[in-house]
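Residue numbers (the numbering used here), protein chains in the order written: chain A, 17 to 325; chain B, 148 to 590.
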């Protein structure tokens, strides 16, 4: 019998990376952040992360009617990222609603993976902030106690820029705040993995963090600049949220503009706005501008400018 | 040295181990060859022999019909038994000359040494390359004498020999650079003289240090007065693509839609340089070439000197046959080669490799939506936006595909290789290019 040969159009080789492996890499990168959150805020942080991730994956499974919970891994990433933006221990049903909104309204209303305009995790967070603000913002912050499984509730508002906090505490993460945002150390370790695997490049985080630092510098000098970078959600936003592939530009210049834009809006809200923190809305606003940025920053074709160097 | 490169590109696994450094072995002479009368970009040839004619090795059997074309020569001695259409590597059947091999290998007496290079005029070199049937042996098969005849207003100052061999698996050029370095230098000098070029560059990827050393030695021994350099290039696909190679070696960027001569450069493949050297030194016509037979699906990989018109199935048989899990037969490399529906197809001038892939390489992936990761934008050597062109073509919006630069794509396939959503980007771009070309023709 004659052998049957497969005929297809070239190329005949395929990179081993696929969507699932990229999403798995993001989860791996979030692992040190998650570990730090449990270390700082105890088992309640773990429960928040599990609830958020589970409800995100379950919502996706129901909408797609695919009962392989992990699927391409994107829902798990959305759920875990949402948890990272929340206080350590909101009521479980608030977390669940956040995840359901993130997946159903943040993602599938637009047609699912790849088609959403806004970062789904931030859509979930934005809805929670607006609708259940008393649970996810305000007097909900736990005092981090390493290995302390009985962390106390702080009775003051989110201390964003409090120059009495030491820079070392901000770097390590032993300050009150959202689950995933307090430890700069853990976030940077996670991001190094994503850089190493080639899933993010320097432009978005560089533009974002750079402009936050520069504006902080103008606001109150070098130390204030560093505070603005380390405190609040800037690192989490710049390294893990703004770099969301679907909702950020694909062109090199576009990525830089996008990053700078995120940082700019964040700082305008922080310095002049009514909210204590501006990362969420900074990124969401720039998400909306992404298609426009892409189309205005198409790269120059090879050979287009100089014909003879 | 290895900073010499271009922006973009990919680093696939190279799989060259199985044949790298293997000597070029002669392929046993087949009992019959089927020589297609169309083996170059441009016009086909018409047979100059008839059924029943006796032909000798190297004798012309096909006469070009047009300027952009090259004659075709017999690769065995024996009797013409049939002239008719037969399978062709590019797809539809093409008129071919069937020659029954008498096994005597009687050389054609018309193949005589020419004057030494020093005494040849540019016109004579161009004519020698034309009569010997030279075409670009990298795979594009553009007739060499046409490349050597640029319009008079264009002065070529540099000839680049492409020894990058950036396609994974292939090692034919590597083998030539090890064994025929002196002929490559000789051929390059011939090209330079024909074009009046003052500079010769041999570009080699730095994963072949032995080839770089071999070429440098040959230049020292046979360069006599010609300004020839070897450039070690960063190992990255598609380093051997015409425009990328020119950028890496000279820093010049060929404008969109233009040919290398727009920046005063002509590229030639290593195999073509060897063929020119042979045509001058011995009068040999282009009736055989080095082919890499490789891939996990072949039992005994090799670099073989294959006669034009040898059926691929005969070559595969000589190499021990296909393994049981062989699934795909590709002529050329894995990035730009053409998959064949059958092994009953002749090897032609453009056949640089015979690659057989097994089931583990031949998987069917579901196509996911674009997640806009931008990896295709990062790897595109032409700085295009393959995701946007691909999506436009997928939706049938060819105007948009054209606006995003579909026509500037040279189909290296980096985008499809790298896409994590397994989207067939370059395939969609090909469809767009076809439709845009058809529409332009209509207008």
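Ideal Cβ placement from N, Cα and C applies to all residues, glycine included.
C-beta neighbour in chain B for residue i, strict 8 Å
i, result
"residue 19 of chain A", "yes"
"residue 97 of chain A", "no"
"residue 173 of chain A", "Because residue 173 of chain A carries a pLDDT of 42, less than 50, the predicted location of this residue cannot be relied on, and the following value inherits that uncertainty. Judged by the 8 Å Cβ criterion, residue 173 of chain A is not in contact with chain B."
"residue 30 of chain A", "yes"
"residue 94 of chain A", "no"
"residue 23 of chain A", "yes"
"residue 335 of chain A", "Residue numbering for chain A in the displayed model covers 17 to 325; residue 335 of chain A lies beyond these limits and cannot be assessed."
"residue 184 of chain A", "no"
"residue 82 of chain A", "no"
"residue 299 of chain A", "no"
"residue 35 of chain A", "yes"
"residue 320 of chain A", "yes"
"residue 133 of chain A", "no"
"residue 262 of chain A", "yes"
"residue 221 of chain A", "no"
"residue 27 of chain A", "yes"
"residue 63 of chain A", "no"
Sequence-distant residues of the same chain with beta carbon closer than 6 Å to residue i, five excluded per side
i, result
"residue 223 of chain A", "272, 275 and 276"
"residue 529 of chain B", "555"
"residue 68 of chain A", "95, 98, 99, 111 and 115"
"residue 366 of chain B", "332 and 375"
"residue 486 of chain B", "475 and 477"
Nearest-angstrom Cβ-Cβ length linking residue i and residue j, presumed shorter than 8 Å
i, j, result
"residue 202 of chain A", "residue 255 of chain A", "Going by Cβ atoms, the distance from residue 202 of chain A to residue 255 of chain A rounds to 11 Å, so no, they are not a contact pair."
"residue 481 of chain B", "residue 314 of chain B", "7 Å"
"residue 217 of chain B", "residue 187 of chain B", "5 Å"
"residue 410 of chain B", "residue 401 of chain B", "5 Å"
"residue 156 of chain B", "residue 573 of chain B", "About 14 Å separates the two Cβ atoms, so there is no contact after all."
"residue 577 of chain B", "residue 25 of chain A", "7 Å"
"residue 469 of chain B", "residue 19 of chain A", "7 Å"
"residue 263 of chain A", "residue 315 of chain A", "Residue 263 of chain A to residue 315 of chain A, Cβ: 20 Å. No contact."
Neighbourhood of residue i by C-beta, 7 Å cutoff - its chain only, sequence neighbours within 5 removed
i, result
"residue 532 of chain B", "524 and 551"
"residue 255 of chain B", "203, 204, 205 and 206"
"residue 164 of chain A", "Residue placement at residue 164 of chain A is poorly supported in this model, since its pLDDT is 46, which falls under 50; the coordinates are not used for a value here."
"residue 165 of chain B", "441 and 448"
Proximal residues to residue i (C-beta, below 8 Å), its chain only, five neighbours per side dropped
i, result
"residue 285 of chain A", "291, 293, 294, 297 and 298"
"residue 569 of chain B", "512, 513, 514 and 515"
"residue 212 of chain B", "190, 191, 192 and 193"
"residue 542 of chain B", "none"
"residue 304 of chain A", "133 and 134"
"residue 246 of chain A", "183, 186, 187 and 200"
"residue 292 of chain B", "217, 273, 274, 276, 277 and 281"
Proximity test, Cβ basis, 8 Å: residue i and chain A
i, result
"residue 517 of chain B", "yes"
"residue 400 of chain B", "yes"
"residue 412 of chain B", "no"
"residue 588 of chain B", "no"
"residue 390 of chain B", "yes"
"residue 386 of chain B", "no"
"residue 236 of chain B", "no"
"residue 438 of chain B", "no"
"residue 504 of chain B", "yes"
"residue 408 of chain B", "no"
"residue 465 of chain B", "no"
"residue 297 of chain B", "no"
"residue 159 of chain B", "yes"
CB of residue i within 8 Å of CB of residue j, strictly
i, j, result
"residue 374 of chain B", "residue 347 of chain B", "yes"
"residue 287 of chain A", "residue 197 of chain A", "no"
"residue 295 of chain B", "residue 273 of chain B", "yes"
"residue 509 of chain B", "residue 54 of chain A", "no"
"residue 322 of chain B", "residue 438 of chain B", "no"
"residue 422 of chain B", "residue 337 of chain B", "no"
"residue 444 of chain B", "residue 405 of chain B", "no"
"residue 182 of chain B", "residue 456 of chain B", "yes"
Check: Which of the residues in the segment 476-501 of chain B, read from start to end, lie with their CB under 9 Å from any CB of chain A?
Finding: 476, 477, 479, 480, 481, 482, 483, 484, 485, 486, 487, 488, 489 and 490
Notebook entry, point to check: Closer than 8 Å, Cβ to any Cβ of chain A: which residues of the segment 173-195 of chain B, in chain order?
Noted result: none
Check: Going along the chain, which residues of the segment 306-317 of chain B sit with their C-beta nearer than 7 Å to a C-beta in chain A?
Finding: 315
Note to self: Please identify, using Cβ separations under 7 Å, the residues of the segment 519-543 of chain B that lie next to chain A, in order along the chain.
What the structure shows: 519, 520, 521, 524, 528, 529, 530, 531, 532 and 534
Next item on the list: Anything in the segment 544-567 of chain B with a Cβ closer than 7 Å to a Cβ of chain A? List those residues in chain order, please.
Entry: 552, 555, 560, 563, 564, 565 and 567
Checklist line | Contact set between the segment 121-151 of chain A and chain B, restricted to residues whose Cβ is under 9 Å from the partner | finding: 127, 128, 129, 130 and 131
Margin query: Under 7 Å, CB to CB, which of the residues in the segment 265-286 of chain A have a partner in chain B?
Written below: 266 and 267
Check: Given a limit of 9 Å on CB to CB distance, which residues of the segment 37-69 of chain A reach chain B?
Finding: 37 and 38
Notebook entry, point to check: Can you list, in chain order, the residues of the segment 207-233 of chain B whose Cβ is nearer than 7 Å to any Cβ on chain A?
Noted result: none
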